[in-house]
Amino acid sequence: MNHLSKLTNSDYLKRLGYIKEICEFQSNFTFTFLSEIFSLVGSMILLIWINYILFLVMFGVTIVVLLGNIIYHFWIEKNYSEFLEKGLENMKGDIDFIYSWKEMGNVDFCSYIEKNQNKRMYEFKKKEYSFNSRGDLKNFWNDLFIGNFSTIIVFISSFFILKNQLSVGSLMMFLNGINFFINPMLNLSSLMLNYSMIKRNTNLVNFVLNLEEKNNLNDGLLLDKIKKIELENINFFYENGKPILNIPTFVIDKNIQINGKNGSGKTTFLNFINNCFKGYLGKIKVNDFDIDTINLKNYQSKNILINSSSYFPDVSIIEYITSGNNEYKNELNVNIQKYNLQNIFSEMNFNINGQIISNGSNLSSGQKQLMLLLKLFTRKYDLVMLDEAFENINLNISSLLKKAIKKYQNDSIFIEISHNKNYVYNNKEVYFEKINNCF
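Residue 197 in full-length UniProt numbering sits at position 197 of the sequence shown; the count goes up by one each step and never skips.
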């Protein structure tokens with residue numbers, strides 16, 4: 001099973017938010033625990049020595065305060081995850097509002113986005129108010145007892161003083177020693193109560209950070225060229241009982257075009273071939289070698305997968321296309337001249353020296369697809385996987401790009417997906433439902 005595929009973006013953001021509090025807790029735990037224990041034990045011995053009855057009274061009141069804090073902590077632990085979720089939803093509402101500014105001329109859509117943003121903000125503020133109210137109630141509970149602690153002790157001590165069982169000097173010592181007992185007691189209880197929540201959050205973070213790594217990521221056989229990929233009895237699923245891929249046998253040794261219904265697993269299939277997933281059943285062989293014996297970094301470096309779900313960081317367009325590699329930049333510049341790609345740039349109003357802003361919000365769908373396809377002119381690949389790569393580019397420009405791609409990537413194996421059959425090659429179309437028994 002591919003564990004990471006079960007996580008949403010919100011799950012990642014929540015786990016990211018846990019890291020700071022985990023680090024702060026772990027960095028302060030040992031020092032806080034030892035110093036508070038030392039203070040607690042020392043003050044307890046002193047206070048019992050002064051008057052054990054007053055100590056028992058103080059201890060009883062402290063227990064009452066602790067009970068209130070424990071109830072508050074369990075409420076926080078129960079609702080903290082939901083509070084973070086509401087905060088993330090509120091943030092996503094703000095992001096949706098910002099990214100939708102181009103649609104603000106549409107009154108209905110503008111009203112919907114604003115309503116959605118206000119709803120998320122209201123839900124978050126309601127939860128935030130609930131948290132703040134519980135916090136104020138806890139503080140009131142603490143102040144009610146701890147703030148009047150000295151008054152209670154003085155009142156009880158007066159009876160001992162009248163009976164000459166306690167001196168005023170001893171009372172002053174006792175009052176001065178109270179804080180050295182109560183504060184460490186509360187701090188230690190808070191530390192221990194938070195430990196369970198921190199431990200749970202640590203496990204959530206470690207779920208992502210400490211997943212079993214592929215042993216052959218940097219080791220294994222180095223491939224000279226990918227010539228053939230074989231799949232045998234492949235079963236892959238995101239969740240138990242919901243298989244996505246069930247492929248008895250399939251061989252990829254030449255260009256293929258994949259057609260099929262929406263949701264039939266075609267995109268997952270390309271990701272699978274690109275070795276994005278693990279935890280599957282069955283065998284994958286590359287050039288007759290089991291993929292577990294192959295150096296995966298070497299294998300993945302020979303592949304390229306182009307699809308519309310790519311994220312575009314805020315970098316220059318040329319840096320994105322070439323991944324900041326100077327050799328790739330030189331190769332791209334040579335190919336721009338060789339295949340007259342500047343004519344395509346002019347036709348699509350595409351500035352290769354421009355900047356990507358906000359996940360490509362300053363670029364049209366066609367310009368973003370062109371930017372992805374230009375990666376095919378930076379270096380040679382053994383395996384090129386195209387997932388709806390030409391859908392937002394007009395036919396004339398698509399035709400020019402395909403011819404250039406064919407000439408430059410002439411030794412590559414192409415695996416293509418296109419609902420409109422907008423392929424680079426048209427030699428072997430495969431209906432995915434015939435090879436994938438899940439559908």
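Each residue gets a CB set at the ideal place from its N, CA and C atoms; glycine is no exception. Owing to the predicted nature of the structure, the values given are computational and were not obtained by experimental measurement.
In the three-state reduction of the DSSP assignment, N233 falls in the strand class, which pools E and B.
Listed as beta-bridge partners of Q257 by DSSP are E416, E429.
Only residues of its own chain outside the window of five on either side were considered, and among them N255 have a CB closer than 6 Å to the CB of N427, listed in chain order. Annotation: K126 to S27 spans about 33 Å, alpha carbon to alpha carbon.
Spanning the alpha carbons of N116 and D96 requires a straight line of approximately 9 Å. Under the Cβ criterion (8 Å, minimum of three pairs), the stretch 412–425 counts as touching the stretch 388–395. Beyond the five residues adjoining it in sequence on each side, M192 comes within less than 7 Å, by CB distance, of no other residue in the same chain. Apart from sequence neighbours up to five positions away, the residues of its chain that approach M58 with a beta-carbon distance below 8 Å are L47, F149, I153, I178, F181, I182, ordered along the chain. Scanning its chain for C-beta atoms nearer than 6 Å, with the 5 sequence neighbours on each side dropped, one finds around M385 the residues L270, L305, I415, in chain order. K86 sits buried, since 16 or more C-beta atoms from the chains shown fall within 10 Å of its C-beta. For Y431, the number of other beta carbons within 10 angstroms of its own is below 16, and it is reported as exposed. The DSSP-derived three-state label of P313 is coil. Per DSSP, K283 is one residue of the beta strand (DSSP E) stretching across 281–286. Exclusion of the five residues before and after Y280 leaves I234, N235, F236 as the residues of its chain whose Cβ lies within less than 7 Å of its Cβ. Considering only S309, K434, L67, the residue with the shortest C-alpha distance to K261 is K434.
For K92, the closest C-alpha among the options L395, Y80, R120 is that of R120.
Partner residues in the beta bridge of P243, as assigned by DSSP, are F237.
Only residues of its own chain outside the window of five on either side were considered, and among them F312, K368 have a CB closer than 6 Å to the CB of G360, listed in chain order.
Of all alpha-carbon atoms in T378, Y381, N420, the one lying nearest the alpha-carbon of N394 is that of N420.
In this structure S190 touches N69 by the C-beta definition: roughly 7 Å separates them, less than 8 Å.
Burial is judged here by how many other beta carbons sit within 10 angstroms of a residue's own beta carbon; K228 has fewer than 16 and is exposed. In terms of Cα proximity to T378, the closest of F33, K338, I417, Y328 is Y328.
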